[in-house]
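Data first, discussion second: the structure below is written as structure tokens.
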Amino acid sequence: MKKINWGVLGVARIATKSVIPAILEANNSELYGIASREEKKALAAAKEYDCKAYIGYESLLADPEIDAIYIPLPNEMHMEWSIRAAQSGKHVLCEKPLGLNVAQCEKMIEACKVNNVLLMEAFMYRYSEKTRKTLEIIQSGVLGKIAHINSSFCFRLTDPANNRFYANGGGSLYDVGCYPINFINMIAGSDPVEAYGVRTDEHGVDVSFSAVLKYPDGLTATIHSGFNSDRYLRTEISGTDGVLIVENPFFDGTEDFVLLKNAVEERIPVKDGKRYTKQIEGFADAILNGKELMMPLEDTLRNMKLIDKLYETTKK
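Everything in the sequence shown is counted per our numbering, starting at 805 for the first residue and increasing by one.
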């Protein structure tokens, strides 16, 4: 079986704790190399994961043996290194948000198109069992017509040196609010016709962001993201015939879904999953066999368009 050789730009926690283990586990992928601007970090990571070390991102991109690049760099670096990877002939899996605005995303998409490589925003939850089960329940019609969705992703962030507090690319909407937006847009399948947001700022970024959305078919939605409250991840999907409650919707896990119909509660079991591994396998399969991506670029642009609008219409 042909396998995709992966290179990783940087040693961010999400790379070392989640995505690199997924590459090692994936049946159609190999971890070929890791790059860092710091020699010590590159050598240590390469030794730990038994792969090649590169000092500097450019040296990794120059290696013709590497087929695909995973980019976990800070948000403001996504556009530059995605474009440089594409120009080096590498397929690109880039962490969310893909860019800082629609204009950046369009430049990245164009660069990958011109260089005939794939590009995907790394919303790993699209490959989770919880997402699959949620869509299955909605499509079954048991909820009736979807009327409202409420989705939250919050956690407490106390380290002022954390890059989520950086003025360029930081903030809760970029970091965790993009998940509820992505999820709601996935279900709605269209752009909202109205969107209003409010935010609370500290350290020069939004430490909390709430928004109300309205879609063409009358569906309404509310989202909330934050760095200033205890960990809370929950989505409620309300329909004419029932309500579905999903705990930790963007993670793997076996928490039962709760289905409410006429105030009667039914618990729906959910299998655990390996969303990061399936994401890597799915992206590699798209390269090798033309398989459709679970996170299409149309969805990326729809999400970024909404994030742009919310940031533009709210004041710090």
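Backbone N, C-alpha and C define an ideal beta-carbon position, used for all residues, glycine too.
For residue i versus residue j, is the C-beta distance shorter than 8 angstroms?
i: Ile776; j: Gly811; result: No answer is possible for residue 776: it lies beyond the span of the chain, which begins at 805 and ends at 1120.
i: Ser863; j: Ala848; result: no
i: Ser1012; j: Thr1004; result: yes
i: Asn809; j: Glu884; result: no
i: Arg960; j: Asp1034; result: yes
i: His1176; j: Thr1024; result: The question about residue 1176 has no answer here: the residues shown for the chain are numbered 805 through 1120.
i: Glu1059; j: Asn1066; result: no
i: Glu925; j: Lys949; result: no
i: Tyr1036; j: Ser932; result: no
i: Leu1110; j: Asn954; result: no
i: Ile859; j: Ala850; result: no
i: Ile941; j: Pro984; result: no
i: Asn905; j: Asp1103; result: no
i: Thr1125; j: Val1050; result: With the chain running from 805 to 1120 in the structure shown, residue 1125 is simply not present.
i: Ala1090; j: Leu1097; result: yes
i: Lys911; j: Ile887; result: yes
i: Glu1116; j: Asn972; result: no
i: Ala1015; j: Ala992; result: no
i: Phe1054; j: Ile1072; result: no
i: Lys856; j: Ser833; result: no
i: Tyr1122; j: Ala826; result: It is not possible to answer for residue 1122, since the shown part of the chain is limited to 805 through 1120.
Taking all protein chains shown into account, do 16 or more other C-beta atoms lie within 10 angstroms of the C-beta of residue i, making it buried, or fewer, making it exposed?
i: Asn1093; result: exposed
i: Asn831; result: exposed
i: Glu1085; result: buried
i: Gly981; result: buried
i: Met805; result: exposed
i: Arg968; result: buried
Under the DSSP definition of a beta bridge, which residues are partnered with residue i?
i: Val812; result: Ile838, Tyr874
i: Glu925; result: Cys898
i: Asn1032; result: Arg960
i: Phe1061; result: Ile1072
i: Lys1109; result: The partner list for Lys1109 (beta bridge, DSSP) is empty, contrary to what the question assumes.
i: Ser1042; result: His952, Val1047
i: Ile859; result: Ser840
i: Ala850; result: Beta-bridge pairing links Ala850 to no other residue.
i: Thr1024; result: His952, Lys1018
i: Ser886; result: The partner list for Ser886 (beta bridge, DSSP) is empty, contrary to what the question assumes.
Confirm the yes/no value for this check: CB of residue i, any heavy atom of the ligand FMN, distance under 7 angstroms.
i: Met928; result: This structure simply doesn't include the ligand FMN, nor any ligand for that matter.
At least 3 beta-carbon pairs within less than 8 angstroms: the region 1072–1080 vs the region 965–982
no
Which runs of the beta strand (DSSP E) spanning at least 3 residues fall entirely within the region 934–1004, listed in chain order?
950–960
Does the region 884–898 come close enough to the region 918–937 to have 3 or more Cβ pairs within less than 8 angstroms?
yes
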